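Protein chains in written order, with our numbering: chain D, 289 to 578; chain Y, 23 to 349.
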C-alpha cells in the first residue's frame, strides 16, 4: 500500500487534471443541452486547437496563455460555420445523421492533422513548464494550477453569460422548447450555430491551458473525446455544474487507477466508469431524467 | 427458399470468383482480399446498424475478439485453425451478446449505445495491450504453416476464394434474414421502437439476436484478417480504424441493403487508393478522404450509392425492406 500522503497528492493532482477535462466537457455538455446531439468532433477539434497553439508558439513565439484572446474568436467562428453550413443542412433533421456527420468531421480533422504534422508527439517548453508550487507536504505543477483557475473562471463566465445576456437567454429558451422559441422570434438555426461556436471556443481555452504541460499528437482527440463524454455522462447531459464536478471526479479516478493499476491500465478506470454510469445511471449524477 | 431471391447474389459472387483469373498482379489481388475482409465486417455492422437501426461505433470489439480468439487458440493452445475459427465465431457472438445485454438492460439507445460500444472496444484494446498472453502492445506473429488444414494458403488466389465464400455466406444470410419475420421485426424496431413493442415484438430479444449475428459475422472477418496477415496487435484489431471502416462502408454503400457493404467498401478503397496515387504516400490521406465521403454521402445521398442503381422500379423500391423513409 501507498502512504496516505501519496494517495492524497494523487487525488489533488487528479483534480487539477480533471479541471481541464471539465473545461473540455463544458463545451460538449452545452452543445448537448441545446441541440440534443453528441458532438463527436469535439476531441478532434481540441487536437486541432492544440496544434494551432503549438504553431503560434513556434512561429511567433507567443505564450500559450497569451493566445487565448486570439484563438477563442477563431474557434467560435469555425464552430458557428460548421454547424450552420455543414451539420445543420446535412443532417436532414435526423439525430443519427448528426452523429455520423460529426464523426465524419472528426475523421477528416484527425487525418488532415496526421497528414500535415505526422504522428510525432510534440510539446511546448515554456520556462514555467516545470515550475511548482509547494504547499505543505504537497507539490503542484504551476501550469496545472493555472489550468484549474482558468477552467473555473471560464465556467463562471459561461454561467453568467447564459443567465444574464440576451443570447444566453435565447440559448436557454431553445434548449427548453425549440418550437416555442422560434414562435417568439428567436432564430433557432442562429442559436444552434452560436452554441456550437461557444462549445468550440471552450476548446480554444482548454487547448491554451493544456499545452504547457500536455503533449499533442493528431490522435490525442480520441483520448480526450471518451474522457469528455464520460465527464458529461457522469455529470448529467447538459448540466454545467455537472460537467465541472464530473471532470474533477474523472481526474481523480484516472489518477488513482494510474497509481494502483499502473500506467498502462490507468485509462481503463475511466472507460469502466463510463460503462458503469451508462448502465446504472444514464441520467448522470446531476442531470435531470435523460 | 426461392432461388430467384438469391439470383443476384449468385451472379455477383460468380463474377467475383472469376476475377482473379483475369488478374496478373498480386498487388491487386491483395487489395481485393482486403476489400472482401472489410466487406464481411461491414455486413455484420450493416445487419445491426442498417437493418436494426442500432449504430455501433465499436465493431472493432467483435472484430478483435474474433481475431484474438483464433490466434490465441493457435499460438497459446497449439490447436488447429479450423477449430479456432469456430471458437472465434462463438467468442465474437458472446462478446456481442454481453455488450448488448448490458446496454439494453439499461435501455441505452441511439448515441448512448454508439458511445458504449466505443468504450467496450477501448476497454478490450487496453486489456489486450497489458495482458501477458496476448503479447501486449508488440503483438504476436502467427506461425507460418501453409496448407488447408492450417487455413493458410501458399497461393493468394485460394485465400481470395475462401474470403469470397465467407462474403457469399454473409450475403445469403443477410438476404435470408431480410425475408424472414425476424428481419421484419428488426426493421420495425429501427423505424419506431415503441410502436414495435406495442405490436407485440420482443424488442430486447430482437436486438440481442441482431447483435449476436452481427458480432459473429464481424468476428469471422477478424479471423480472415489474422489468417491472411498472420500478425495481430491490439491497435490493429481493436483500434478505431476498423470500427470506422465497417461503419463507413455500410453508410456509403446503402444502409440496410444486401449489397451496400460490398459496394461501399469497394468504392471507399478505390477512392482511398486513388487519393494515395494522387497525393503520394501521406499518412492518413485515405481516411481523410473517407471522412469527406461520409459527410457528402449523408448530405447528398442519404440512402447510399445503391440508391443510384438505375433499373430499380419504384414498386421494387417499396418492397426493399431497408429503404430509408425520408422525413
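Just so you know, even glycine gets a beta-carbon here, dropped at the ideal spot from N, CA and C.
It should be emphasised that the depicted structure is a prediction, and the values quoted were computed from it without experimental measurement.
Cross-strand partners of residue i (DSSP beta bridge)
i: residue 422(D); result: 427(D)
i: residue 169(Y); result: 174(Y)
i: residue 163(Y); result: 253(Y)
i: residue 252(D); result: Nothing in the structure corresponds to residue 252(D), since chain D is present only between 289 and 578.
Separation of residue j from residue i, as counted between CA atoms
i: residue 79(Y); j: residue 137(Y); result: 7 Å
i: residue 342(Y); j: residue 27(Y); result: Note that residue 342(Y) has pLDDT 47, beneath the 50 cutoff, so the model's placement of it is unreliable and the number below is only indicative. Answer to the nearest angstrom: the Cα atoms are 12 Å apart.
i: residue 360(D); j: residue 521(D); result: 25 Å
i: residue 496(D); j: residue 53(Y); result: 43 Å
i: residue 349(D); j: residue 441(D); result: 25 Å
i: residue 218(Y); j: residue 210(Y); result: 6 Å
i: residue 335(Y); j: residue 329(Y); result: Because residue 335(Y) sits at a pLDDT of 44, beneath the cut-off of 50, its placement in the model cannot be relied upon, and the point is left open.
i: residue 398(D); j: residue 385(D); result: 20 Å
i: residue 380(D); j: residue 238(Y); result: 33 Å
i: residue 357(D); j: residue 563(D); result: 37 Å
i: residue 42(Y); j: residue 57(Y); result: 14 Å
i: residue 135(Y); j: residue 525(D); result: 15 Å
i: residue 410(D); j: residue 420(D); result: 22 Å
i: residue 466(D); j: residue 523(D); result: 24 Å
i: residue 295(D); j: residue 154(Y); result: 28 Å
i: residue 345(D); j: residue 412(D); result: 8 Å
i: residue 50(Y); j: residue 40(Y); result: 14 Å
i: residue 367(D); j: residue 130(Y); result: 28 Å
i: residue 561(D); j: residue 87(Y); result: 22 Å
i: residue 224(Y); j: residue 325(Y); result: 28 Å
i: residue 245(Y); j: residue 196(Y); result: 20 Å
i: residue 542(D); j: residue 159(Y); result: 21 Å
i: residue 322(Y); j: residue 566(D); result: 33 Å
i: residue 353(D); j: residue 312(Y); result: 35 Å
i: residue 152(Y); j: residue 528(D); result: 35 Å
i: residue 59(Y); j: residue 297(Y); result: 21 Å
i: residue 221(Y); j: residue 73(Y); result: 18 Å
i: residue 511(D); j: residue 250(Y); result: 30 Å
i: residue 169(Y); j: residue 176(Y); result: 7 Å
i: residue 339(Y); j: residue 331(Y); result: The predicted position of residue 339(Y) is uncertain, since its pLDDT is 44 and thus under 50; a value taken from the coordinates is nonetheless stated next. The alpha-carbon atoms of residue 339(Y) and residue 331(Y) are separated by roughly 11 Å.
i: residue 55(Y); j: residue 190(Y); result: 14 Å
i: residue 343(D); j: residue 572(D); result: 38 Å
i: residue 431(D); j: residue 450(D); result: 28 Å
i: residue 182(Y); j: residue 100(Y); result: 25 Å
i: residue 553(D); j: residue 458(D); result: 44 Å
Terminal residues of the alpha helix (DSSP H) in which residue i lies
i: residue 283(Y); result: 282-301
i: residue 569(D); result: From DSSP, residue 569(D) is part of no alpha helix (DSSP H); its letter is neither H nor E.
i: residue 478(D); result: 476-498
i: residue 457(D); result: 454-464
i: residue 202(Y); result: Segment: none, residue 202(Y) is in no alpha helix (DSSP H) and carries neither H nor E.
i: residue 346(D); result: 330-348
i: residue 219(Y); result: 215-220
i: residue 48(Y); result: 48-68
i: residue 146(Y); result: 132-152
i: residue 308(Y); result: 307-322
i: residue 96(Y); result: 82-97
i: residue 25(Y); result: 25-40
i: residue 399(D); result: 383-405
Min CB distance residue i to chain A below 8 Å
i: residue 544(D); result: In the structure shown, chain A cannot be found, because the protein chains are D and Y.
Three or more C-beta pairs closer than 8 Å, one from the segment 401-412 of chain D and one from the segment 498-507 of chain D: is that the case here? yes
Given 8 Å, three or more beta-carbon pairs between the segment 67-76 of chain Y and the segment 261-275 of chain Y: yes
Taking 8 Å as the threshold, find out whether the segment 325-333 of chain D comes into contact with the segment 530-546 of chain D through three or more Cβ pairs. no
When you check each C-beta in the segment 129-151 of chain Y against every C-beta of chain D, which residues fall closer than 8 Å? 129, 130, 132, 133, 134, 136, 137, 138, 140, 141, 142, 144, 145, 148, 149 and 151
Inter-stretch contact (C-beta, 8 Å, three-pair minimum) for the segment 289-305 of chain D and the segment 411-428 of chain D: yes
Do the segment 141-153 of chain Y and the segment 200-214 of chain Y make contact, defined as three or more Cβ pairs closer than 8 Å? no
If the cut-off is 9 Å on Cβ atoms, which residues from the segment 281-306 of chain Y count as contacting chain D, listed in chain order? 301, 304, 305 and 306
Determine, using beta-carbon pairs with one atom in the segment 238-258 of chain Y and one in the segment 107-127 of chain Y, whether at least three such pairs fall under 8 Å. yes
Taking contact to mean 3 or more Cβ pairs, one atom from each stretch, closer than 8 Å, check whether the segment 316-328 of chain D and the segment 456-470 of chain D are in contact. yes
For the segment 259-275 of chain Y, enumerate the residues whose C-beta is nearer than 7 Å to any C-beta of chain D, in chain order. 262, 266 and 273
Please name the residues in the segment 456-468 of chain D whose beta-carbon is closer than 8 Å to at least one beta-carbon of chain Y, in chain order. none
Using a Cβ-Cβ cut-off of less than 9 Å, list which residues of the segment 291-305 of chain D approach chain Y; keep chain order. none
Closer than 8 Å, Cβ to any Cβ of chain Y: which residues of the segment 405-418 of chain D, in chain order? 406 and 407
Chain D contacts made by the segment 68-89 of chain Y, where a contact means CB separation under 7 Å: 77
Members of the segment 313-327 of chain Y that neighbour chain D once the beta carbon cut-off is set at 7 Å: 313, 314, 316, 317, 320, 321 and 324
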